[in-house]
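Sequence order for the protein chains is V and P. Quick note on this note's numbering: the first sequence kicks off at 1 and runs consecutively. Quick note on this note's numbering: the second sequence kicks off at 1 and runs consecutively. Heads up, the beta-carbon is just placed ideally off N, CA and C, and yes, glycines get one too. For clarity, every value in this text was computed on a predicted model and none was experimentally measured.
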Amino acid sequence: MTFLKVSDLKVEFQVDKKTITPIENISFEMNEGEILGMVGETGSGKSLTAHAIMGLSSLVGGKIGGSVQFGEQDLTKLSENEMQSVRGSQIAFIPQNPMTSLDPVYKVGDQIVEGLYKHTKISKRNAKQQVIELMGKLRIPKPDRVFQQYPHQLSGGLKQRIVIAMGLCNNPRLLIADEPTTALDVTVQAQIMTLFKELAEERGIGLFLITHDLGVIAQVCDKVVVMYAGNMVEFGDIKTVFNTPSHPYTKALLGCIPHIGMGKGTLSAIDGNVPSVGTYPSGCRYHPRCPSAFEPCKKSMPELIRKKGETQVACHLFQEIKD
Amino acid sequence: MGKILEVKDLSVSFDVRGGLLLRSIGTVKAVDNISFSINKGEILGVVGESGCGKSTVARLVLRLIEPDNGSVLFNDTDILKLPKKEIRQQRRHMQMVFQDPYSAMDPRYTIFRSLCEPFQIQGVKLKKEALRKKVDDLLELVGLNSEHGFAYPHELSGGQKQRADIARALALSPQFVILDEPTAALDVSVQAQIIKLLEDIRERLNLTFLFISHDLSLVSYFCHRVVVMYLGRIVEIISADLIGETPYHPYTKALIDSIFETVPGQEKKKTPLEGEVPSPFNIPPGCSFVSRCKYAKDICQEKTPALEITPDGGQIACHFPLRTLK
Chain V
1 MTFLKVSDLK VEFQVDKKTI TPIENISFEM NEGEILGMVG ETGSGKSLTA HAIMGLSSLV
61 GGKIGGSVQF GEQDLTKLSE NEMQSVRGSQ IAFIPQNPMT SLDPVYKVGD QIVEGLYKHT
121 KISKRNAKQQ VIELMGKLRI PKPDRVFQQY PHQLSGGLKQ RIVIAMGLCN NPRLLIADEP
181 TTALDVTVQA QIMTLFKELA EERGIGLFLI THDLGVIAQV CDKVVVMYAG NMVEFGDIKT
241 VFNTPSHPYT KALLGCIPHI GMGKGTLSAI DGNVPSVGTY PSGCRYHPRC PSAFEPCKKS
301 MPELIRKKGE TQVACHLFQE IKD
Chain P
1 MGKILEVKDL SVSFDVRGGL LLRSIGTVKA VDNISFSINK GEILGVVGES GCGKSTVARL
61 VLRLIEPDNG SVLFNDTDIL KLPKKEIRQQ RRHMQMVFQD PYSAMDPRYT IFRSLCEPFQ
121 IQGVKLKKEA LRKKVDDLLE LVGLNSEHGF AYPHELSGGQ KQRADIARAL ALSPQFVILD
181 EPTAALDVSV QAQIIKLLED IRERLNLTFL FISHDLSLVS YFCHRVVVMY LGRIVEIISA
241 DLIGETPYHP YTKALIDSIF ETVPGQEKKK TPLEGEVPSP FNIPPGCSFV SRCKYAKDIC
301 QEKTPALEIT PDGGQIACHF PLRTLK
């Protein structure tokens, strides 16, 4: 069942009397219990998309366009007060760096309980019990002891589990995780990703996972959105997109990843740099770096077109074939 | 192929101070009795999780920190025995590229001025024009142009900054360059650019690299041999071509298993390694990996395994290797 449908999402900011549009043309949908990955390089607008879905970018002066259908309601139409009751209870957010998202002077248990109090009427004793139970489910060893500890006493992986517990304490339907394992070691990353998969399967939570790590996307996600310079360039189920990528950028990006057993000197790279907001080229934003670019690419921005199945791609090459 | 660098029994430990009077409250053995060597023209990778001592090894080899004991032979000269004055002469031949290009360059200097510094420090007297020519050549070598020389670091992208950083390391035509996670702060497409650049430069200038990274797929692609470290010790040295097939140490296997491959649905049935790297404070006797190893037996708690030669020419320190050593 589709429970999150993002259509033509865009965010505008006024900077020095000029309007800049860091993200636009973003449309995708996800079902309950599904893991949707969003992948792209620095500055491609991944985090801003997540913030826009949660209505956070309007707090810093961004104007949100398009719609975000979440269950019955369109989140872009809600007032800030109404949004506050959605955030934390129905939609939870897991930030990138667990080291800076915990308050160093409070015990971690109390920090989790705080989120629970905000949205639920519950007695102190029950709250504590519920949180310790949740911590146990997230495989935090000796949860009643960890409850009483301060963040600096915990390892990076444990801190990330605490942050995940904060997100889960109100039983949200959608969990948005922004690069949740970037700050962690590879063996710990594998543990956290296994945990996410279980949460999606057992609790039916939808997970929106932002990462720049294509390997994580390939092994964990059901669907993927590929972002480039504030645009969505490709969207579809993970097997179709990664095994038979349509967009030249998706193809090139996958070619940049070294594998074990790969011959020396066979790695390919994408020339040039990702353009930054305000210096986007005309037409398709990828055309200056694209080996298959032709005339229309410089002139007009390609629209998202539906390929077979659920796959969507924004590239003139495919419009040509269709015509 | 002769050896360019030979490290023997190198150890260093740091005092950790704490409390009100900053008394010593313990020691951390950052690097514990490690030995390895690098052949001329080789790329040796060092891989391991954070806190395993990778960067400390780099600093010890350049003698940026003083070891407790051991020796570092660079072209058969023990650089740990050299007086301070001569070590600077040696460093001309051994350079380093740092992890974070954003903080490796002085923000108040133009790229040109930063690239002139190695010559000034080493007392290389050059006429103004000759110096400009040299710097321009360096910039060209790393895929930048002379225009970039006028820029300040904040005006360059991460990839361009890392290129400038590499140019600075190459300024004095070194024989040996240490690369300490040179792409960890970069995007994958830029990482691929930098790796291709390094491959190209190494071939053209006949350099030897020590490449430090936490990314095993990258290391196995870029390097010839790989040193796997855990808690300050070498657990395995293995030829990069064999990593996918024949790791001997359970930890190397665990690192391979924690890689997420970009081909969907290819997931091997793998159990992620439990727990995290223990605190390096007062490491107990025995194998340092014992607390996370599923093959561990009593002897692993008691006796530190010594490095043994494998049939493939690698080395491994484990009481119960995954493959027989005969």
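With fewer than three CB-CB distances shorter than 8 Å, the stretch 177-187 of chain V does not count as touching the stretch 141-149 of chain V.
As DSSP reads the structure, G37(V) sits in a beta bridge with L209(V) and V224(V). In terms of Cβ geometry, P291(V) and P281(V) do not form a close pair [threshold 7 Å]. Take L5(P), set aside five residues on each side of it, and the residues of its chain with a beta-carbon closer than 6 Å to its own are I38 and F74, in chain order.
Where F74(P) is concerned, the enclosing beta strand (DSSP E) starts and stops at N69 to F74. In its chain, beyond the 5 residues on either side, D312 and R323 have a beta carbon closer than 7 Å to the beta carbon of T246(P). Not a single C-beta of chain V is nearer than 7 Å to the C-beta of D180(P). In chain order, H319 place their CB closer than 7 Å to the CB of I299(P), counting only its own chain and leaving out the 5 sequence neighbours on each side.
In terms of Cα proximity to K85(P), the closest of N206(P), G123(P) and Q160(P) is G123(P).
With 16 or more other Cβ atoms from the protein chains shown falling within 10 Å of its own Cβ, V274(V) counts as buried. Nearest Cα to D165(P) within the set L141(P), S220(P), S55(P) and Q175(P): L141(P). The three-state secondary structure of N33(P), taken from DSSP, is strand.
Proximity of G286(P) to chain V, defined by a Cβ-Cβ separation below 7 Å, is not satisfied. In the three-state reduction of the DSSP assignment, P104(V) falls in the coil class, being assigned neither a helical nor a strand state.
In the three-state reduction of the DSSP assignment, N126(V) falls in the helix class. Chain order gives the chain P residues near N273(V) as S157 and G159, where near means a beta carbon separation below 7 Å. Nearest Cα to K5(V) within the set D237(V), M30(V), V11(V) and K18(V): M30(V). Only D185, V186, T187, V188, Q189, A190, Q191, M193, T194, H212 and D213 from the stretch 181-213 of chain V bring a Cβ to less than 8 Å from some Cβ of chain P. Around the beta carbon of V105(V), fewer than 16 other beta carbons sit within 10 angstroms, so the residue counts as exposed. Boundaries of the alpha helix (DSSP H) around P248(V): P248 to G255.
Using a Cβ-Cβ cut-off of 7 Å, I234(P) does not count as an interface residue toward chain V, since no Cβ of chain V sits closer than that to its own. Taking the C-beta atoms as reference points, D180(P) is found no nearer than 7 Å to I201(P). Against chain V, the CB of I201(P) has no partner CB under 7 Å away; the residue lies outside that interface.
The beta carbon of H259(V) sits closer than 7 Å to some beta carbon of chain P. By the rule that beta-carbons nearer than 7 Å mark a contact, M262(V) touches chain P. In this structure, G48(P) sits near K54(P), with a CB-CB distance shorter than 7 Å. Taking a beta-carbon distance threshold of 7 Å, S155(V) counts as an interface residue toward chain P. The alpha-carbon of S258(P) is positioned some 6 Å away from that of A190(V).
Neighbours of G265(V) in chain P, taken as residues whose beta carbon is under 8 Å from its own, are E199 in chain order. In this structure, the beta-carbon distance from A240(P) to H224(P) falls below 7 Å. Residues of chain P whose Cβ lies closer than 9 Å to the Cβ of E41(V) are, in chain order, D187, V188, S189 and V190. The DSSP-derived three-state label of D16(V) is coil.
For N231(V), the beta-bridge partners assigned by DSSP are E24(V) and Y228(V). Burial is judged here by how many other beta carbons sit within 10 angstroms of a residue's own beta carbon; D32(P) has at least 16 and is buried. Contact between H259(V) and C315(V) does not hold, since the beta-carbon distance rounds to 26 Å and is not under 8 Å.
Here Q160(P) carries a helix assignment [DSSP, helix/strand/coil].
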